[in-house]
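Asks: Have a look at this one before I ask anything.
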Amino acid sequence: MTTKRFFAAFLLVSLVLAGIVSYYASGSPDGLEKVAEEEGISAEEKDHALGDSPLGDYGVKGVDNEWVSAGLSGVIGVGAVLLVGGGLFWAVRRREPAGEPREKAPAGTSGQG
Amino acid sequence: MHVPDGFIDAPVSIAAGAVAVAGVGIALRGARRELDDRTAPLAGLTAAFVFAAQMLNFPVAGGTSGHLLGGALAAILVGPYAGMVAVSVVLILQALLFADGGLSALGVNIILMSLVTVAVGYGTFRLLLRVLPKTRASVSGAAFVAALLSVPASALAFTLIYAVGGTADVSIGTVAAAMLGVHVLIGIGEALITAVTVSSVLAVRPDLVYGARGLLKPAELRTARPAASQVRGEAT
Chain A
1059 MTTKRFFAAF
1069 LLVSLVLAGI
1079 VSYYASGSPD
1089 GLEKVAEEEG
1099 ISAEEKDHAL
1109 GDSPLGDYGV
1119 KGVDNEWVSA
1129 GLSGVIGVGA
1139 VLLVGGGLFW
1149 AVRRREPAGE
1159 PREKAPAGTS
1169 GQG
Chain B
11 MHVPDGFIDA
21 PVSIAAGAVA
31 VAGVGIALRG
41 ARRELDDRTA
51 PLAGLTAAFV
61 FAAQMLNFPV
71 AGGTSGHLLG
81 GALAAILVGP
91 YAGMVAVSVV
101 LILQALLFAD
111 GGLSALGVNI
121 ILMSLVTVAV
131 GYGTFRLLLR
141 VLPKTRASVS
151 GAAFVAALLS
161 VPASALAFTL
171 IYAVGGTADV
181 SIGTVAAAML
191 GVHVLIGIGE
201 ALITAVTVSS
211 VLAVRPDLVY
221 GARGLLKPAE
231 LRTARPAASQ
241 VRGEAT
């Protein structure tokens, strides 16, 4: 599998998981939430300062359809993480000296970062 | 595992923030050595995958769910330093964009879900590979155990931080037992997802897996085998 095709497949898997599969994820409290409730830790919990943000709690404000709202927020999240993370990693990466035999690879992958 | 605002008091939250900033700073410097033109995009994609997988809460016993933390997975795929940065980016964006994980708890969350899971996960992974045969199955098996241990380690780290800076008056022993119990179960899910993902990448592009770099040598030897049989073929 070529590097480009592998990267495209990896991204597609993430988009499908975040955009479609996530809707069917369990809505039960997670391990920490459950323990915090049972042990009285949650009593001190404070509301999130950005709770009313446009993507708060993995939905898109203004989109009424729950399925679309959840899926869209997941896709936006994958895009945002890829943009910020990919950009950061591209900026800090080790620059290959001219000795590297590959010449086309950087041009092909730069679109990712 | 995302700690909300209010669980941990201000002094400990600030101290945790300082530790997180230092940790991510060191990780960014270390990531430079791990990433090149090919693996830098992979690290970005791995961060995106961890974000997606963290949305997938799976049920564990008793009306409780869990989700991937991803530190062990990211470290094995792209290296421990890049892995720490990848999960930290996910946590920062979750707190800023999705109101998931408190802003004042961001330092705590980076320690728990990025620094601790990578340190325990990748440390376990390397130790296991030192004693296991150098095969792909060993890499997948080591990834399984590394991910399995990383989750209760993170739960234990939460309990330690809570013991120092917790805002409610609770029995730390009870919290430790409850946290460990449920997170051993969540760790099994983490282990399955990590092993399947690492195995999948190994199946198609083993050369891209940071944690499997030592395995590339047997692959080179294998290319010599057809040549040897060819020589034998000519001799008969």
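Each protein sequence line maps, in turn, to chains A and B.
So the number in our numbering is just where the residue sits in the first sequence, counting from 1, plus 1058.
So the number in our numbering is just where the residue sits in the second sequence, counting from 1, plus 10.
The C-beta atom is built at its ideal place from N, Cα and C for all residues, glycine as well.
Using a Cβ-Cβ cut-off of 6 Å (strictly less than) and excluding sequence neighbours within five positions of GLU44 (chain B), which residues of its own chain qualify?
Replies: By 1-based counting over the second sequence, the position of residue 44 (chain B) is 34. Result list for GLU44 (chain B): GLY89, TYR91, ALA92, in chain order.
Asks: Cβ atoms of VAL34 (chain B) and VAL100 (chain B): under 8 Å apart, would you say?
Replies: Residue mapping note: residue 100 (chain B) aligns to position 90 of the second sequence, counting from 1. Residue mapping note: residue 34 (chain B) aligns to position 24 of the second sequence, counting from 1. No, these two residues do not count as a Cβ contact at 8 Å.
Asks: Do the CB positions of GLU1097 (chain A) and VAL185 (chain B) come within less than 8 Å of each other?
Replies: Here the question's residue 1097 (chain A) lines up with position 39 in the first sequence. Here the question's residue 185 (chain B) lines up with position 175 in the second sequence. In contact: GLU1097 (chain A) and VAL185 (chain B) (Cβ atoms closer than 8 Å).
Asks: What in chain A is Cβ-close to MET189 (chain B), meaning under 8 Å?
Replies: Your numbering for residue 189 (chain B) matches position 179 in the second sequence. Chain A residues near MET189 (chain B): GLY1089, LEU1090, VAL1093.
Asks: For LEU113 (chain B), tell me which candidate among B:SER23, B:SER210, B:PRO216, B:ARG215 has the shortest Cα-Cα distance.
Replies: For this step, residue 113 (chain B) is matched to residue 103 along the second sequence. Cα-wise, what sits closest to LEU113 (chain B) is B:SER23.
Asks: Measure how close the beta-carbons of GLY1006 (chain A) and ALA1128 (chain A) come, nearest whole angstrom, since I'm counting them as under 8 Å.
Replies: Outside the displayed span of chain A (1059 to 1171) sits residue 1006 (chain A), for which this structure offers no information.
Asks: Quick check: is the beta carbon of GLY1146 (chain A) nearer than 8 Å to any beta carbon in chain B?
Replies: Within the first sequence, the letter at position 88 stands for residue 1146 (chain A). Reading off the sequence, residue 1146 (chain A) comes out as Leu, not Gly. LEU1146 (chain A) counts as touching chain B.
Asks: Would DSSP call ASP179 (chain B) helix, strand or coil?
Replies: The residue given as residue 179 (chain B) occupies position 169 in the second sequence. ASP179 (chain B) falls in the coil class under three-state DSSP.
Asks: Rounded to a whole number of angstroms, what is the C-alpha to C-alpha distance between LEU1196 (chain A) and ALA109 (chain B)?
Replies: In this structure chain A extends from 1059 to 1171, so residue 1196 (chain A) is not present and cannot be described.
Asks: Throw me the rounded Cβ distance for the LEU122 (chain B) and ALA167 (chain B) pair, which I believe falls under 8 Å.
Replies: Within the second sequence, residue 122 (chain B) is the residue found at index 112, counting from 1. Within the second sequence, residue 167 (chain B) is the residue found at index 157, counting from 1. About 5 Å separates the two Cβ atoms, so the contact holds.
Asks: VAL70 (chain B) by DSSP, collapsed to three states: which one?
Replies: Translated into the one-based positions of the second sequence, residue 70 (chain B) becomes position 60. If DSSP states are grouped into helix, strand and coil, VAL70 (chain B) belongs with the strands.
Asks: Given a cut-off of 8 Å, decide if VAL208 (chain B) and SER148 (chain B) are closer than it, judged by their beta-carbon atoms.
Replies: Taking the first residue of the second sequence as 1, we reach residue 148 (chain B) at position 138. Taking the first residue of the second sequence as 1, we reach residue 208 (chain B) at position 198. Not closer than 8 Å, so no.
Asks: GLY197 (chain B) by DSSP, collapsed to three states: which one?
Replies: Taking the second sequence and counting its residues from 1, the one referred to as residue 197 (chain B) is at position 187. Helix, per DSSP.
Asks: Check ASP1088 (chain A) in the structure and name its three-state DSSP category.
Replies: Here residue 1088 (chain A) refers to the residue found at position 30 of the first sequence. The answer is strand: DSSP assigns ASP1088 (chain A) an E or B state.
Asks: For MET123 (chain B), go through chain A and note every residue whose CB falls closer than 9 Å to its CB, in chain order.
Replies: Within the second sequence, the letter at position 113 stands for residue 123 (chain B). Going along chain A, no residue has its Cβ under 9 Å from MET123 (chain B), so there is no contact; the nearest lies around 10 Å.
Asks: Using the Cα positions of MET189 (chain B) and PRO162 (chain B), report the straight-line distance between them to the nearest angstrom.
Replies: For the purposes of this step, residue 189 (chain B) is taken as the residue at position 179 of the second sequence. For the purposes of this step, residue 162 (chain B) is taken as the residue at position 152 of the second sequence. The alpha-carbon atoms of MET189 (chain B) and PRO162 (chain B) are separated by roughly 8 Å.
Asks: Going by Cα to Cα distance, which pick from A:VAL1139, A:GLY1132, A:LEU1146 is closest to SER1080 (chain A)?
Replies: Translated into the one-based positions of the first sequence, residue 1080 (chain A) becomes position 22. Among A:VAL1139, A:GLY1132, A:LEU1146, the Cα nearest to that of SER1080 (chain A) is on A:GLY1132.
Asks: So which residues on chain B does GLY1120 (chain A) lean against when the C-beta distance must stay under 7 Å?
Replies: Along the first sequence, one-based indexing puts residue 1120 (chain A) at 62. Per Cβ cutoff of 7 Å: no residues; GLY1120 (chain A) is ~15 Å from chain B at best.
Asks: Candidates B:GLY175, B:THR169, B:VAL194: which alpha carbon is nearest ILE182 (chain B)'s?
Replies: Counting from 1 along the second sequence, the entry for residue 182 (chain B) is found at position 172. Comparing Cα positions, the closest option is B:THR169.
Asks: Taking PHE1064 (chain A) as the reference, give the member of B:LEU159, B:SER124, B:THR56 with the closest Cα.
Replies: Position 6 of the first sequence, counting from 1, holds the residue named residue 1064 (chain A). When each option's Cα is compared against that of PHE1064 (chain A), the closest is B:THR56.
Asks: Would a C-beta distance cut-off of 8 Å place ALA178 (chain B) and GLU1091 (chain A) closer than the cut-off?
Replies: Taking the first residue of the second sequence as position 1, residue 178 (chain B) is located at position 168. Taking the first residue of the first sequence as position 1, residue 1091 (chain A) is located at position 33. Contact flag unset, no.
Asks: Closest to PRO14 (chain B) by C-alpha separation, out of A:THR1061, A:ALA1149, A:TRP1125, A:ILE1099, would be which residue?
Replies: The count along the second sequence starts at 1 and reaches residue 14 (chain B) at position 4. When each option's Cα is compared against that of PRO14 (chain B), the closest is A:ILE1099.
Asks: Are ALA63 (chain B) and LEU1070 (chain A) touching if we call contact CB-CB under 8 Å?
Replies: Locating residue 63 (chain B) in the second sequence gives position 53, counting from the first residue. Locating residue 1070 (chain A) in the first sequence gives position 12, counting from the first residue. No, these two residues do not count as a Cβ contact at 8 Å.
Asks: Under the assumption that ALA157 (chain B) contacts GLY131 (chain B) (Cβ atoms under 8 Å), give the Cβ distance between them as a whole number of angstroms.
Replies: In the second sequence, counting from the first residue as 1, residue 157 (chain B) sits at position 147. In the second sequence, counting from the first residue as 1, residue 131 (chain B) sits at position 121. Going by Cβ atoms, the distance from ALA157 (chain B) to GLY131 (chain B) rounds to 6 Å, so yes, they are a contact pair.
Asks: For MET1059 (chain A), count neighbouring Cβ atoms within 10 angstroms of its own Cβ and tell me buried if that reaches 16, exposed if not.
Replies: Here residue 1059 (chain A) is taken as the residue at index 1 of the first sequence, counted from 1. Exposed, since its Cβ has fewer than 16 Cβ neighbours within 10 Å.
Asks: Which first and last residues belong to the alpha helix (DSSP H) in which PHE59 (chain B) is found?
Replies: As a first step, residue 59 (chain B) must be located in the second sequence, where it is residue number 49. Its alpha helix (DSSP H) spans residues 49-64.
Asks: Around the C-beta of THR145 (chain B), are 16 or more other C-beta atoms found within 10 angstroms, so that it is buried, or is it exposed?
Replies: The sequence position of residue 145 (chain B) within the second sequence is 135, counting from 1. Counting Cβ neighbours within 10 Å, THR145 (chain B) comes out exposed, since fewer than 16 surround it.
Asks: Which first and last residues belong to the alpha helix (DSSP H) in which ASN119 (chain B) is found?
Replies: Residue mapping note: residue 119 (chain B) aligns to position 109 of the second sequence, counting from 1. Taken as a continuous stretch (DSSP letters only), the alpha helix (DSSP H) holding ASN119 (chain B) covers 116-120.
Asks: Measuring only between beta-carbons, confirm whether GLU1124 (chain A) sits less than 8 Å from chain B.
Replies: The residue given as residue 1124 (chain A) occupies position 66 in the first sequence. Cβ-Cβ to chain B under 8 Å: no for GLU1124 (chain A).
Asks: Could you list which residues in chain B have their beta carbon closer than 8 Å to that of LEU1140 (chain A), in chain order?
Replies: Within the first sequence, numbered from 1, the residue matching residue 1140 (chain A) stands at position 82. Those within 8 Å of LEU1140 (chain A) in chain B are GLY54, LEU55, ALA57, ALA58.
Asks: Which residues mark the beginning and the end of the alpha helix (DSSP H) in which ARG1153 (chain A) is found?
Replies: The residue you call residue 1153 (chain A) lines up with position 95 of the first sequence. Segment: none, ARG1153 (chain A) is in no alpha helix (DSSP H) and carries neither H nor E.
Asks: I want to verify the contact list: residues of chain A whose CB lies under 9 Å from the CB of SER148 (chain B), in sequence order.
Replies: Within the second sequence, the letter at position 138 stands for residue 148 (chain B). Chain A residues near SER148 (chain B): none, gap ~22 Å exceeds 9 Å.
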